[in-house]
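Visitor:
Set out below in structure tokens:
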């Protein structure tokens, strides 16, 4: 126990360090000035400045995802928290463990309704797992430890603590102790695993729906083992990490996040469905009726019990760690499957393997600047890089040349907030300074958070950035076309609000204005040289590729 009292603002930094939070991302404000003054003087503690709170939140999100741990984010009172809310929603949906702090003028001013006064907890609550305000100087560190524990306990997610200035100015003698995060490596009972195996074994058309709970528990190998034993197609559900290698023949891609009928089509013929580490289904326009065929057997494994049978009934729900549960399930299936069932599963795997081989033979380079750039980047790097993918409509091309194969090498945007691609790449590069990190974003998403280039330049963060520039919000074009089809509305020009062509944005010039460097690619033969310049440049570099 630390007996000597020190100002709360200084003791708070020691608490963060005790929890391994030695980097804080943020944007400063007056009500945090005493705390930030202490931050500046603290040893072994780093502040990474962003020019806007959305950018700070995006960098923190990318850093947490790349390290696999928590990240510390500082926002400025109500106005700064308001700026960061859209990105915090992304972190909430993606289960990123962010510890978010924001200051206010002080408890003593609560009755005054003064400038910038706001209910910070009420603002933060919809986009966090936990939100609170410290009002007693004797409970600052206790509250922070609780927040860290909640952020890191599955289902992980962002947490928020409001820190009034006068509370942090008071002397504090609380003990500095690391937060205790409960172990959740829970294994299901043998009887439960036996029931799951009985429901799934012998299915003629099995399907697996996998999400990021698989990656969090490190269950990729166990997922593959179960899928191969069943001969089951594996669809990822709004996942953003590598849950199964893209090259595995049973991996069939993503279900998508927009339209429920598409997901229903993918699972509608399955006679057995195994759901692991995800919620079902996360579309913007979900299917209201049960998407599974009558009589289909459905097993859902997740540490987040809230998601099990949340929207649609299941035959068996197991609140368990995916790695332990899948490993146990594979063991039981090994014993339970009959020779005929094994042969049928092997035949399904063989069909998918041959289909994958034919598709790879048929895949030709279409000769566009983006395709040439990606092919050249893959060849020059041997695909040994970390990709932060917010390319959206260009993402299928990105993953064709840079497929998500190894855990930690690929992170996809999630949650629906534009602008995570470039800040996420900055955070990932900070987490892995010895790896090549490339962030992809559309031109629309780039303009949400282009200030991330300044942060990269300020701190010498050697991340690379690619603008997939189609001069529009292309995803909105695609979505409204679907809307027209569903309502028998004749095609007509897209709304003008979707167009970004006028005035033209000089992204390479913008990069230079923010202290980075960049180039523009309009023709295929320019793409090869652009890759060479990007890889050779000692610092942040942007390539604007015209689509």
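Residue numbers (my numbering): 1071 to 1617.
By construction, the Cβ of each residue, glycine as well, lies at the ideal position given by its N, Cα and C atoms.
Go ahead and label residue 1250 buried or exposed: buried means 16 or more other beta carbons lie within 10 angstroms of its beta carbon, across all protein chains shown.
Guide: By 1-based counting over the chain shown, the position of residue 1250 is 180. Result: exposed.
Visitor: Could you tell me if residue 1525 is buried or exposed, where buried requires 16 or more neighbouring beta carbons within 10 angstroms of its beta carbon?
Guide: For the purposes of this step, residue 1525 is taken as the residue at position 455 of the chain shown. Its Cβ being crowded by 16 or more others within 10 Å, residue 1525 is buried.
Visitor: When you compare each of 1146, 1136, 1168, 1553 to residue 1509 by their alpha carbons, which one comes out closest?
Guide: Counted from its first residue, the chain shown places residue 1509 at position 439. The option with the nearest alpha carbon to residue 1509 is 1136.
Visitor: Give me the DSSP bridge partner(s) of residue 1327.
Guide: Residue 1327 sits at position 257 when you count from the first residue of the chain shown. For residue 1327, which the question treats as bridged, DSSP gives no partner whatsoever.
Visitor: Can you give me the Cβ contacts of residue 1349 inside the same chain, cut-off strictly under 6 Å, excluding the 5 residues immediately before and after it?
Guide: As a position in the chain shown, residue 1349 is number 279, starting the count at 1. Result list for residue 1349: 1377, in chain order.
Visitor: Here's a check: name, in chain order, each residue in its chain whose Cβ is nearer than 6 Å to the Cβ of residue 1398, leaving out the five neighbours to either side.
Guide: To locate residue 1398, count along the chain shown from 1; it is residue 328. Result list for residue 1398: 1263, in chain order.
Visitor: Using a Cβ-Cβ cutoff of less than 8 Å, which residues in the same chain neighbour residue 1071 once the five nearest sequence positions on both sides are dropped?
Guide: Against the chain shown, residue 1071 aligns to sequence position 1. Confidence in residue 1071 is poor, its pLDDT being 44 and thus under 50, which makes the residue's placement unreliable; the coordinate value appears in the next sentence. Hits under 8 Å: 1245.
Visitor: I'd like to check one pair, residue 1344 with residue 1369: are the Cβ atoms closer than 7 Å?
Guide: Translated into positions along the chain shown, residue 1369 becomes position 299. Translated into positions along the chain shown, residue 1344 becomes position 274. Yes, the Cβ-Cβ distance between residue 1369 and residue 1344 is below 7 Å.
Visitor: By the 10 Å Cβ neighbour count, where 16 or more other Cβ atoms means buried, how is residue 1242 classified, buried or exposed?
Guide: As a working mapping, residue 1242 is identified with position 172 in the chain shown. Buried, by the Cβ-count rule.
Visitor: With C-beta atoms as the reference, is residue 1475 less than 7 Å away from residue 1315?
Guide: If you number the chain shown from 1, residue 1475 lands on position 405. If you number the chain shown from 1, residue 1315 lands on position 245. Yes, the pair counts as a contact, with Cβ atoms nearer than the cut-off.
Visitor: Assign residue 1421 to one of two classes, buried (16 or more other C-beta atoms within 10 Å of its C-beta) or exposed (fewer than that).
Guide: Locating residue 1421 in the chain shown gives position 351, where the first residue counts as 1. That one is exposed.
Visitor: DSSP puts residue 1460 in a beta bridge; with which residues?
Guide: As a working note, residue 1460 is residue 390 in the chain shown. Note: residue 1460 sits in a beta bridge opposite 1511.
Visitor: Using a Cβ-Cβ cut-off of 7 Å (strictly less than) and excluding sequence neighbours within five positions of residue 1322, which residues of its own chain qualify?
Guide: Position 252 of the chain shown holds residue 1322. Result list for residue 1322: 1303, 1304, 1305, in chain order.
Visitor: Which runs of the alpha helix (DSSP H) spanning at least 4 residues fall entirely within the region 1349 to 1415, listed in chain order?
Guide: As far as the region 1349 to 1415 is concerned, its whole alpha helix (DSSP H) runs of at least 4 residues are 1392 to 1406.
Visitor: Going by the CB atoms, is the gap between residue 1158 and residue 1098 shorter than 7 Å?
Guide: Along the chain shown, one-based indexing puts residue 1098 at 28. Along the chain shown, one-based indexing puts residue 1158 at 88. The answer is no: Cβ separation not under 7 Å.
Visitor: Using 7 Å as the threshold, is the C-beta distance between residue 1202 and residue 1154 below it?
Guide: Residue 1202 sits at position 132 when you count from the first residue of the chain shown. Residue 1154 sits at position 84 when you count from the first residue of the chain shown. In this structure, residue 1154 does not lie closer than 7 Å to residue 1202 by Cβ.
Visitor: Whole angstroms is fine: what's the gap from residue 1517's alpha carbon to residue 1608's?
Guide: Here residue 1517 corresponds to residue number 447 of the chain shown, with the count starting at 1. Here residue 1608 corresponds to residue number 538 of the chain shown, with the count starting at 1. Distance between the alpha carbons of residue 1517 and residue 1608: 24 Å.
Visitor: Among 1496, 1457, 1604, 1223, which residue has its Cα nearest to the Cα of residue 1140?
Guide: Translated into positions along the chain shown, residue 1140 becomes position 70. Measuring from the Cα of residue 1140, the nearest candidate turns out to be 1223.
Visitor: Contact between the region 1480 to 1499 and the region 1526 to 1534 is defined here as three or more beta-carbon pairs at a separation below 8 Å; is this criterion met?
Guide: The region 1480 to 1499, when compared against the region 1526 to 1534, does touch it at the 8 Å Cβ threshold.
Visitor: Report all residues from its chain with a CB closer than 7 Å to the CB of residue 1328; omit the five preceding and five following residues, and keep chain order.
Guide: Counting from 1 along the chain shown, the entry for residue 1328 is found at position 258. Excluding residues within five positions, the ones whose Cβ falls inside 7 Å are 1353, 1354, 1355, 1549.
Visitor: Would the beta-carbon of residue 1171 fall within 7 Å of that of residue 1233?
Guide: Walking along the chain shown from the start, residue 1171 turns up at place 101. Walking along the chain shown from the start, residue 1233 turns up at place 163. Contact: yes.
Visitor: Under 7 Å Cβ to Cβ from residue 1426, same chain only, skipping five residues before and after it: list those, please.
Guide: On the chain shown, residue 1426 is found 356 positions in, with the first residue counted as 1. Closer than 7 Å at Cβ, skipping near neighbours: 1319.
Visitor: Let me confirm a value: residue 1565 is counted as buried when at least 16 other C-beta atoms fall within 10 Å, else exposed. Which label applies?
Guide: As a position in the chain shown, residue 1565 is number 495, starting the count at 1. By the 10 Å Cβ count, residue 1565 comes out exposed.
Visitor: For residue 1176 and residue 1236, what's the separation of their Cα atoms in angstroms?
Guide: Taking the first residue of the chain shown as 1, we reach residue 1176 at position 106. Taking the first residue of the chain shown as 1, we reach residue 1236 at position 166. Whole-angstrom Cα-Cα distance: 5 Å.
Visitor: Once DSSP output is grouped into helix, strand and coil, what is the label at residue 1094?
Guide: Counting from one through the chain shown, the residue named residue 1094 turns up at place 24. Looking at residue 1094 - three-state DSSP - the assignment turns out to be strand.
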